[in-house]
Each structure stands twice: as structure tokens, then as C-alpha cells.
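*Asks:* Provided herewith is a single structure, encoded as C-alpha cells, for subsequent inquiry.
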Amino acid sequence: MTNTQQPSNTMKVLAVTGFTAVIALLVWLAITLVAALPSAFSSLASIAEGLQQARPHAEIVIANNNSIVNNGESFTVTWTNLNRNGVYTLYYECVDGVAIDMRYPANYTTPVPCGEVVKLGSEVTSLELVARSEKKRFIDVAYQIGFMPAGGDEVAYQTETAFTVVNVNIPQSQSVEDTTETPAGEVAGETTDTTEEEETTPATTPLTPGEPEVIATEIFELPTSDPDGFVDLAVKYVSVGRLASNNQFIPGGVIAEGTRGAFQFEVRNLGTKTSEDWTFEAELTSGTIYESKKQEGLLPNEYTLITIGFDTVGDTGAQSFGAEIDVPGDRNASNNSFSWAVNIVD
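To convert a position in the sequence shown, counted from 1, into my numbering, add 1.
Okay, here's the thing in C-alpha cells:
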């Protein structure tokens with residue numbers, strides 16, 4: 002009787018041991034699988050994301066960090082990468098009194114011409130802009146980010162959006178262009194005969210080939226000079242572009258090789274006393290330094306607009322230019338120079 006029960010007990014022990022081993026194996030497999038799942042899902046997600054990024058897109062999505070910007074305040078515009086061969090472009094519609102600068106290429110500040118397509122490059126998907134409004138307190142500016150495929154001259158993809166420029170220095174009830182002032186010596190509602198000063202075009206001196214063209218346009222505002230006052234000539238950048246065959250200045254955001262490059266700057270007497278004769282030294286985009294002849298002294302609040310044209314524009318890419326004035330007895334030397342940059346293109 003005892004011998005019959007012993008094999009049965011042995012089988013029961015073996016069965017329990019095997020069942021326990023199977024359970025332990027299943028638990029270990031479950032733990033291993035749970036530990037491996039996040040890595041597997043992460044790998045699958047990375048593969049899917051890589052495939053998605055490598056897939057060409059057919060639409061540019063623009064993200065503006067601020068749709069309302071203050072006058073002179075910088076803001077950043079970003080857009081999606083189409084993953085195609087070509088260059089991105091910027092375009093904005095001309096609005097009276099509005100000017101836009103871009104900090105491109107690198108950290109250079111470059112004027113953006115309105116109504117023209119500006120090429121930005123193939124890897125640019127973010128751009129810092131600065132907008133200025135001189136005539137209206139609130140003004141909307143429509144702009145487009147586009148894409149020009151490699152080998153083509155037409156924008157194939159583009160997305161348009163807009164931002165609002167706010168100039169708090171302009172009264173809300175009116176714009177600068179609507180402001181009407183009553184001249185001194187004239188009573189509102191009455192008509193007084195006035196004699197306007199005849200504007201004369203300054204003569205230009207014949208230049209030798211290769212010498213920069215300098216055109217000075219003086220603006221008179223009938224100021225008075227204080228003999229005991231002070232002199233403060235200030236120079237300010239105005240625009241960059243090219244000179245036409247008739248020496249007319251044509252503004253533009255870039256300078257093309259083979260054209261006569263040009264830039265303009267203003268020199269104004271912010272002081273109360275007429276300045277002595279003054280000179281300026283200009284650095285051209287080619288790196289050439291031009292030293293001017295003596296310029297006639299300026300009355301208080303009188304200014305002159307200097308246009309410098311040059312045949313040699315330098316190498317393609319971002320090139321700097323600028324000017325510095327020199328006048329005896331100037332009280333403030335911190336505003337006697339400016340430096341700017343422009344993109345030279347083929």
C-alpha cells in the first residue's frame with residue numbers, strides 16, 4: 002500500500018515544480034517585454050519622424066511670434082522647411098510710409114525693398130525683421146514667404162500673412178499725412194501771398210573713369226545762426242541701391258554685379274550755430290576708401306543729402322559700407338559716422 006503511493010507523490014512534486022518554472026518563465030518574459038517596448042516604440046517613432054521630415058512638403062506654414070509690433074521693434078518670422086532644392090524668398094507689399102529691414106545675412110541689417118522678391122537662401126527658415134511706420138499710428142503690412150525651386154526664376158510656393166505696425170508717437174485721431182499746419186504769419190481762413198524759395202540742382206564736377214560719383218543735394222529751411230551757439234553735425238544712413246545712366250538714384254535691397262552701386266546718407270546740423278566747412282570719408286562696398294573735398298558749412302537745422310555712386314561693387318555676398326564726417330568744433334562726435342551692409346548678388 003505504501004509503495005503504491007510513493008510514485009504518485011513524486012509525480013505531484015514534479016508537476017508543481019514544472020508549473021512554478023513555467024510561471025516564472027512567463028513572468029520573466031513579461032518583464033523583459035515591458036522593458037523593451039518603450040525603446041521599440043521610440044525607435045519606430047524616430048523612424049516615422051525621419052520619414053516625415055525627409056518627405057517633401059507642398060505648403061509653407063508661417064509662424065510669427067508677434068502679429069502686432071511696435072515701430073522699430075524687431076520680431077522673428079519662422080516657416081516650415083519644404084525639404085526641396087531651391088531658395089526661400091521674402092516679399093512685402095508697398096505701403097506708404099512703411100519701411101522694413103532684415104537682419105540677414107548673418108547679423109547685418111539690410112533694407113528690404115517693397116514690391117520685390119528677395120532671395121534668402123536654401124537653409125533659411127527663420128528671419129528677424131524690423132518694421133517702421135512714419136505716417137500712420139496703425140498700419141497693416143502684408144508679406145509673403147515663398148520658395149523658388151533650383152534652376153528656376155519663378156516662385157512656385159508661397160504663403161501670405163500680415164502684421165500690424167503701431168507707432169505710438171503718431172496721434173490716434175489722425176495720420177501724419179492728414180496733418181495741416183498754418184504757416185507763420187498766416188491766419189487760418191485767410192490767404193496770404195507767399196514766395197517759395199526756388200530749388201536749384203547742384204552742379205556736378207566731371208569725374209575721371211572709376212572715380213565715385215558724389216551728388217550733394219542741400220536742403221534749406223531758412224534757419225538762423227547763434228554766434229554763441231554750438232555745432233553738432235550728425236550723419237544718418239538713408240538708403241542703398243544703384244545709379245541709373247542719368248545719375249538718378251534707384252533704391253533697392255541688394256546691389257547686382259555689373260551695375261553702378263550707390264548709397265545715400267544725410268548730414269544735418271543739429272546745433273544752433275553755423276558749422277565750418279567739413280569733409281567726409283566713405284568706405285565703399287569694395288573696401289575702397291573715398292575722401293571727399295571740402296563741403297560748405299551747414300546752418301542750424303540745415304542738412305545735405307549725399308549720394309555716392311561707384312562702378313566697382315566688390316565680391317558677392319554681404320559687404321559693409323559707411324561714412325564718417327570731420328568738422329572743426331563739433332560738440333558731439335558720437336553721431337559722426339554710420340556703418341551698414343548690403344548683399345552683392347550675381
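Quick reminder that beta carbons are idealized off the backbone N, C-alpha and C, glycines included. What you are looking at is a predicted structure, and each value in this text was computed from that prediction instead of being measured.
#1: Suppose you measure from the CA of glutamine 159 to the CA of phenylalanine 148; what does that come to, to the nearest Å?
#2: Counting only runs of 3+ residues fully inside the stretch 235-294, write out the beta strand (DSSP E) ranges in chain order.
#3: Taking C-beta to C-beta, are valine 360 and threonine 77 nearer than 8 angstroms?
#4: Count the other CB atoms within 10 Å of the CB of glutamine 54; is the residue buried (16 or more) or exposed (fewer)?
#5: Under the rule that 16 or more other beta-carbon atoms within 10 Å means buried, what is leucine 299, buried or exposed?
#6: Pick from Val232, Asp347, Gly254 and Thr165: whose alpha carbon is nearest that of asparagine 337?
#7: Grouping DSSP H, G and I as helix and E and B as strand, with all else coil, what is phenylalanine 322?
#8: How many angstroms separate the CA atom of isoleucine 327 from the CA atom of arginine 269?
#9: Using alpha carbons as the reference points, say which of Arg261, Phe322 and Arg104 lies closest to asparagine 247.
#10: Leaving out five residues before and five after glycine 116 in sequence, what residues of the same chain have Cβ atoms less than 6 angstroms from its Cβ?
#11: Over what stretch of residues does the beta strand (DSSP E) that includes isoleucine 309 continue unbroken?
#12: Once DSSP output is grouped into helix, strand and coil, what is the label at leucine 30?
#13: Check the C-beta distance from threonine 79 over to valine 118 and give it rounded, since I have them as a contact under 8 angstroms.
#14: On the three-state DSSP scale, how would you describe phenylalanine 20?
*Replies:* Let me lay it out:
#1: Approximately 6 angstroms, taken between the alpha carbons.
#2: 250-252, 255-257, 262-270, 280-284 and 290-292
#3: Residue 360 cannot be examined here, being either before or after the span of the chain that is shown, 2 to 347.
#4: For glutamine 54, the pLDDT reaches just 47, beneath the cut-off of 50, and the residue's location in the model is therefore unreliable, leaving the point undetermined.
#5: buried
#6: Put simply, of Val232, Asp347, Gly254 and Thr165 the residue whose alpha carbon is nearest the alpha carbon of asparagine 337 is Val232.
#7: strand
#8: Correcting the residue type first, residue 327 is aspartate in the shown sequence and not isoleucine. Between aspartate 327 and arginine 269, the C-alpha separation is close to 13 angstroms.
#9: Selected option, being the one with the closest Cα: Arg261.
#10: Excluding its 5 nearest sequence neighbours in each direction, glycine 116 has C-beta neighbours in its own chain below 6 angstroms: Cys95, listed in chain order.
#11: 304-311
#12: helix
#13: Their Cβ separation, rounded to whole angstroms, is 19 angstroms, which puts threonine 79 and valine 118 out of contact at 8 angstroms.
#14: The answer is helix: DSSP assigns phenylalanine 20 an H, G or I state.
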